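Protein sequence lines correspond, in order, to chains A and R.
The opening position of the first sequence corresponds to residue 1 in our numbering, with each subsequent residue numbered one higher.
The opening position of the second sequence corresponds to residue 1001 in our numbering, with each subsequent residue numbered one higher.
Note that beta-carbon positions come from the ideal geometry of N, C-alpha and C, so glycine has one too.
It should be emphasised that the depicted structure is a prediction, and the values quoted were computed from it without experimental measurement.
Scroll down for the structure; my scribbles are underneath it.
Protein chains: 2
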Amino acid sequence: MGERKDKAAQTQAALKDAARRQFAEHGFLNTKITDITSAAGRAAGTFYQHFASKEDLLQALLADMHGQAGQAFEGDDGPVHDLTDPAQLREHLAVAWGVMRGNRAVMIALFESALADGPNSGALWNRLTADTSMLREHLEYLSEQGQALPGDPALIAAAMGGMLSMLAYALPPVATGSAGGDAPGYTDTQILDALSSLLLHGLAGPGQ
Amino acid sequence: MGERKDKAAQTQAALKDAARRQFAEHGFLNTKITDITSAAGRAAGTFYQHFASKEDLLQALLADMHGQAGQAFEGDDGPVHDLTDPAQLREHLAVAWGVMRGNRAVMIALFESALADGPNSGALWNRLTADTSMLREHLEYLSEQGQALPGDPALIAAAMGGMLSMLAYALPPVATGSAGGDAPGYTDTQILDALSSLLLHGLAGPGQ
DNA sequence: GTCTATATACAGATAGAC
DNA sequence: GTCTATCTGTATATAGAC
Chain A
1 MGERKDKAAQ
11 TQAALKDAAR
21 RQFAEHGFLN
31 TKITDITSAA
41 GRAAGTFYQH
51 FASKEDLLQA
61 LLADMHGQAG
71 QAFEGDDGPV
81 HDLTDPAQLR
91 EHLAVAWGVM
101 RGNRAVMIAL
111 FESALADGPN
121 SGALWNRLTA
131 DTSMLREHLE
141 YLSEQGQALP
151 GDPALIAAAM
161 GGMLSMLAYA
171 LPPVATGSAG
181 GDAPGYTDTQ
191 ILDALSSLLL
201 HGLAGPGQ
Chain R
1001 MGERKDKAAQ
1011 TQAALKDAAR
1021 RQFAEHGFLN
1031 TKITDITSAA
1041 GRAAGTFYQH
1051 FASKEDLLQA
1061 LLADMHGQAG
1071 QAFEGDDGPV
1081 HDLTDPAQLR
1091 EHLAVAWGVM
1101 RGNRAVMIAL
1111 FESALADGPN
1121 SGALWNRLTA
1131 DTSMLREHLE
1141 YLSEQGQALP
1151 GDPALIAAAM
1161 GGMLSMLAYA
1171 LPPVATGSAG
1181 GDAPGYTDTQ
1191 ILDALSSLLL
1201 HGLAGPGQ
C-alpha cells in the first residue's frame, strides 16, 4: 500500500471516528460537515475527497456496523430459534439490544436520516423492517411450526423492534449527570428482564 | 369580538391548519415557514404576528391536540382500569392508537422536534413519558393491587408507548399508492388485535 | 492529499409601507 | 393586520493554491 493511499485511509478513518463522536453528542442533523472535519483535525474541503455527502458517510458507518453486528450473531443457528423459550428470547433480545446500544450514534443517525425523508416516504418502515429481519424470520419459523402468534410475523417483529429501538433512542447512554431532564438510570439487566418478561408472557403473566 | 380580532383569529386558524397539512406531508423539520404561509394564502411576515417561531406554533398545535385527546378519554374511570383484562387493555390501546393516528402530523412533528434537541437532551424520554403517563398510572395501580408486572411500571409504560408510537410513525397513514417503498397496508383492527394479544399474553400465548 | 478561501443557496426573522 | 422587501446567519459544496 503506497504512502499516499495509507495517508488517505488514515484520514478517512479519522473522519468516520469523528463523525460517530459528533453524531453521538449532537445528533446527525445537527452535525455540520465542518464539525466532523474539525473534530478530526482536518480541513473542511478534505471531507469531499472521501465522501460525497453526509448521507454517503452515514452509509459507510452503516456498513461498518453490519460487519460488527455479523460477529455478534455468530454462532446463531439461523431461524430455528424458539422465541417462546425464555432463555432463547432473552438471548436474542440481549444481542439486539447490545448492538443497538453499542452503536447508538449510528442508529440514531440512521433514524434521523429516515425521518428527514419525510413521513410518507416509507423510509422509517424500511429501517424498522431491515433492523428486525432476523426477528421476523424466527417468528415465521415458529408460525410454520404451528405456534399461534399474536399476529402477522412481520407486524409483530416490527412492533418488538419498535419497542426496542425507541427505548434505545430515548434512554440516554449512561448517567448524563443532570443534563436536560429526569431521564432514568435503568441498567441493561433491568431493561432486558422487563422486556423479556413482557414479550414472553405479556401483562397478564405466565399463569392462567 | 372586534373585526380586527376576528380577522386575526381567522388567519391564525388558517396558519395552524396549513401547518398540520404541511407537517403531514413533508414533516416538521422539512417544512419552512414560507411553506406554511403560502399554503395558508398569507404573506411570510404575517407568521410572526401570531407565533414567535415554528416551535411556538407546534406548542399551539399540541395544546389543541390535548383538548381533543381529553374528549377521547372522557368516561375513563381513572387509574382503576385493569389492563390484564382483555377488553379493557384493548380499549385503552384503541383510544391511544386513535389519538396518535388522528394526529399523526402533530405527533411526528413533536417527535422530530425532540430529536432536534439532541440525543442526550432527554427530550425524547420526556416525550415518551408524557405520552404514556396514563398508561403508567394504570400499571402503578395494578402493581399496588398486588399484580405482578414484568418490570417497573414507568419502564413498561415507556416500552408499550414506544412500540405504539414507533408503529404510528413508521406506518404511512393510508394506502399511499406505490410511493417510496413497500410499506404494508395493515388495518387498525389488525394492528390492535396483534398488539393487544402480544401485550396481554406475549409470544408464548395464554396457555401454559 | 490536504489546505484556505469562497461561491451558492436557503432558512429564519425583521423593517417599513399599505 | 397584512403585505413586500430585505437583512442576517449559516450550511453545503467547489476552486485553486500548496
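Residue i (DSSP reduced to helix, strand or coil)
i: THR1084/R; result: coil
i: LYS32/A; result: coil
i: ALA1148/R; result: coil
i: THR1011/R; result: helix
i: THR1132/R; result: coil
i: ASN126/A; result: helix
i: ASP1204/R; result: Looking at the sequence provided, one finds Ala at residue 1204/R rather than Asp. Reduced to three states, the DSSP call for ALA1204/R is coil.
i: SER121/A; result: coil
i: TYR1186/R; result: coil
i: PRO1172/R; result: coil
i: ARG1042/R; result: coil
i: GLY161/A; result: helix
6 Å CB neighbourhood of residue i in its chain, flanking five on each side removed
i: VAL174/A; result: none
i: PRO79/A; result: GLU137, HIS138 and TYR141
i: PHE1047/R; result: ILE1033 and THR1037
i: PRO1119/R; result: none
i: ALA72/A; result: VAL95 and VAL99
i: ASP1117/R; result: ALA1123
i: ALA40/A; result: ALA14, LEU15 and ALA18
i: LEU83/A; result: LEU89 and HIS138
i: ALA1130/R; result: none
Nearest-angstrom beta carbon gap, residue j and residue i [assumed within contact, 8 Å]
i: GLY1089/R; j: LEU1164/R; result: What sits at residue 1089/R in the sequence shown is Leu, not Gly. With 8 Å as the limit, LEU1089/R and LEU1164/R do not qualify as a contact, their Cβ atoms being about 12 Å apart.
i: GLY122/A; j: ALA1183/R; result: 4 Å
i: ILE156/A; j: LEU167/A; result: With 8 Å as the limit, ILE156/A and LEU167/A do not qualify as a contact, their Cβ atoms being about 17 Å apart.
i: PHE1023/R; j: THR1034/R; result: About 14 Å separates the two Cβ atoms, so there is no contact after all.
i: GLY202/A; j: LEU1198/R; result: 7 Å
i: GLY1162/R; j: LEU1128/R; result: 6 Å
i: ALA194/A; j: ALA1159/R; result: 7 Å
i: GLN1190/R; j: GLY151/A; result: 7 Å
i: ALA19/A; j: ARG42/A; result: Incorrect: roughly 12 Å between the Cβ atoms, too far for contact.
i: ASP188/A; j: TRP97/A; result: 7 Å
Residues near residue i by beta carbon distance below 8 Å, same chain, minus five either side
i: GLU112/A; result: GLY27, PHE28 and LEU29
i: LEU62/A; result: VAL106 and LEU110
i: HIS81/A; result: GLN88, HIS92, HIS138 and TYR141
i: LYS16/A; result: LEU57, ALA60, LEU61 and ASP64
i: ARG1101/R; result: ALA1168, PRO1173 and ASP1188
i: SER1143/R; result: LEU1149 and PRO1153
i: SER1196/R; result: PRO1086, LEU1089, ARG1090 and LEU1093
i: ALA52/A; result: none
i: THR210/A; result: Residue coverage of chain A in this structure runs from 1 to 208, which leaves residue 210/A outside it and unanswerable.
i: ASN1126/R; result: ALA1114
i: ARG226/A; result: Any property of residue 226/A remains undetermined from this structure, which presents chain A solely from 1 to 208.
Cβ-based neighbour list, residue i, same chain, cut-off 7 Å, excluding 5 preceding and 5 following
i: LEU124/A; result: ALA114 and LEU115
i: GLN1220/R; result: Past the boundaries of the shown model lies residue 1220/R; chain R is included only from 1001 to 1208, so the question cannot be answered.
i: LYS54/A; result: ILE33
i: GLY75/A; result: none
Cβ-heavy atom distance, residue i to the ligand FAD, below 7 Å
i: LEU135/A; result: This structure does not include the ligand FAD; it has no bound ligands of any sort.
Open item on the list: Please give me, in chain order, every unbroken run of the beta strand (DSSP E) with length at least 3 that falls completely inside the region 51–116 of chain A.
Closed with: Counting only runs of 3 or more, we get nothing.
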